[in-house]
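Participant: Be aware that the sequence shown starts at 6, since it is given in this note's numbering, and climbs by one per residue. A virtual CB, placed ideally from N, CA and C, is assigned to each residue, including glycine. Just so it is clear, the structure is predicted and the values come from calculations on it, not from any experiment.
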Amino acid sequence: MTYVDASTVPNKNTGAIKLFSPQDFAEMKKACLLTATCLDELSKLVVPGVTTQALDDFVFQFGKQHNAVPATLNYRGYTKSCCTSINHVVCHGIPDNKRLKKGDIVNIDVTYILDGWHGDSSRMYYVGPVSRAAERLVEVTYRSLELGIEAAKPGNHLGDIGYAIQTYAESHRCSVVRDFCGHGVNKLFHDAPNVLHYGHAGSGVELKQGMIFTIEPMINLGKPAVKILRDGWTAVTRDRSLTAQFEHTIGITADGCEIFTLSPSGYTMPPYI
Ligand code: MF3
Ligand code: CO
Ligand code: CO
Numbered sequence: 006m007t008y009v010d011a012s013t014v015p016n017k018n019t020g021a022i023k024l025f026s027p028q029d030f031a032e033m034k035k036a037c038l039l040t041a042t043c044l045d046e047l048s049k050l051v052v053p054g055v056t057t058q059a060l061d062d063f064v065f066q067f068g069k070q071h072n073a074v075p076a077t078l079n080y081r082g083y084t085k086s087c088c089t090s091i092n093h094v095v096c097h098g099i100p101d102n103k104r105l106k107k108g109d110i111v112n113i114d115v116t117y118i119l120d121g122w123h124g125d126s127s128r129m130y131y132v133g134p135v136s137r138a139a140e141r142l143v144e145v146t147y148r149s150l151e152l153g154i155e156a157a158k159p160g161n162h163l164g165d166i167g168y169a170i171q172t173y174a175e176s177h178r179c180s181v182v183r184d185f186c187g188h189g190v191n192k193l194f195h196d197a198p199n200v201l202h203y204g205h206a207g208s209g210v211e212l213k214q215g216m217i218f219t220i221e222p223m224i225n226l227g228k229p230a231v232k233i234l235r236d237g238w239t240a241v242t243r244d245r246s247l248t249a250q251f252e253h254t255i256g257i258t259a260d261g262c263e264i265f266t267l268s269p270s271g272y273t274m275p276p277y278i
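(1) What first and last residue would you give for the beta strand (DSSP E) that runs through residue 232?
(2) Determine, using beta-carbon pairs with one atom in the stretch 29-47 and one in the stretch 227-236, whether at least three such pairs fall under 8 Å.
(3) Can you grab the Cα-Cα spacing for the pair residue 160 / residue 215, in whole Å?
(4) How about the stretch 137-154 and the stretch 171-179: do they share at least three Cβ pairs that are nearer than 8 Å?
(5) So is residue 278 buried or exposed if we call it buried at 16+ other beta carbons inside 10 Å?
(6) What would DSSP say about residue 255, mapped onto helix, strand or coil?
(7) Any idea what DSSP makes of residue 63, helix, strand or coil?
(8) Exposed or buried, which one is residue 205 when buried takes at least 16 other CB atoms within 10 Å?
(9) Would you call the CB atoms of residue 25 and residue 199 closer than 8 Å?
(10) Can you give the Cα-Cα distance for residue 249 and residue 19, rounded to whole angstroms?
(11) Indicate whether residue 87 and residue 125 have their beta-carbon atoms separated by less than 8 Å.
(12) Which value, in whole angstroms, describes the spacing of the CA atoms of residue 184 and residue 153?
(13) For residue 238, which residues of its own chain have a beta-carbon under 7 Å away from its beta-carbon, when the five flanking residues on both sides are left out?
(14) Would residue 142 and residue 226 qualify as a contact pair, given that the criterion is a beta-carbon distance under 8 Å?
(15) Report the residue from 117, 31, 129, 195 whose alpha carbon sits nearest the alpha carbon of residue 251.
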């Protein structure tokens with residue numbers, strides 16, 4: 006039992022891969038557009054001196070104005086509306102009263118639930134001008150996501166996505182984090198399949214029209230190893246090297262894929278101007 010018609014199964018993760026209808030795609034796109042619009046708005050707020058808590062407050066309020074709730078709020082004990090991961094923080098950075106400073110790079114990861122559907126996306130932001138090393142890492146990470154997305158089409162396999170990301174990142178002397186992966190996303194925040202950001206061409210399950218999942222590579226300038234801080238959430242690079250991540254939610258179509266979380270302002274990589 007690998008693939009199932011999403012309309013015929015309970016709203017839970019049984020390990021089967023759900024295939025969604027065009028109507029479901031339309032619902033997902035609404036949630037994803039709201040998330041992308043929030044990420045666009047955040048680009049104006051990410052400036053030296055702002056606290057990550059102020060960014061989190063914005064994410065909560067913006068959702069409220071649009072009848073959406075952040076999926077991370079009270080998710081497995083997490084109590085914030087987004088994740089803010091600065092410099093050597095790989096993911097799941099917890100917003101707090103620390104201020105962003107000139108030269109930081111920060112990933113903001115937002116998931117809204119709108120009419121029951123989850124829109125999950127993250128981007129990197131520059132806090133003022135950043136080092137050339139940081140720019141290079143962010144560029145490599147963004148391009149690795151693009152290449153992963155290009156490999157996401159019917160007939161290809163999940164491993165083709167990971168392979169595309171890994172070969173590109175490693176050819177630029179960067180490393181791929183192994184401890185976190187992309188995931189099915191729908192009425193559930195995290196569903197089957199796991200989408201690894203490394204792997205072998207042709208391996209894993211075959212991609213079929215109707216699948217919806219995220220691709221969200223975390224790429225390090227140093228070694229791939231990660232550790233979790235005592236707060237139980239914050240993941241950092243063990244060698245404290247810089248790390249970056251971008252995430253899109255995509256749907257597999259008849260001949261490729263559709264990116265549901267594209268920026269309505271046309272933003273791609275920072276700086277967003
Ligand atoms: N948004 C993250 C993802 O891309 C998950 C965050 S879960 C949290 O899957 F609890 F840490 F917020
Ligand atoms: Co995700
Ligand atoms: Co996310």
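Facilitator: Reading it off the structure:
(1) 231-233
(2) no
(3) 13 Å
(4) yes
(5) exposed
(6) strand
(7) helix
(8) exposed
(9) no
(10) 31 Å
(11) no
(12) 18 Å
(13) 83, 97, 99
(14) yes
(15) 129
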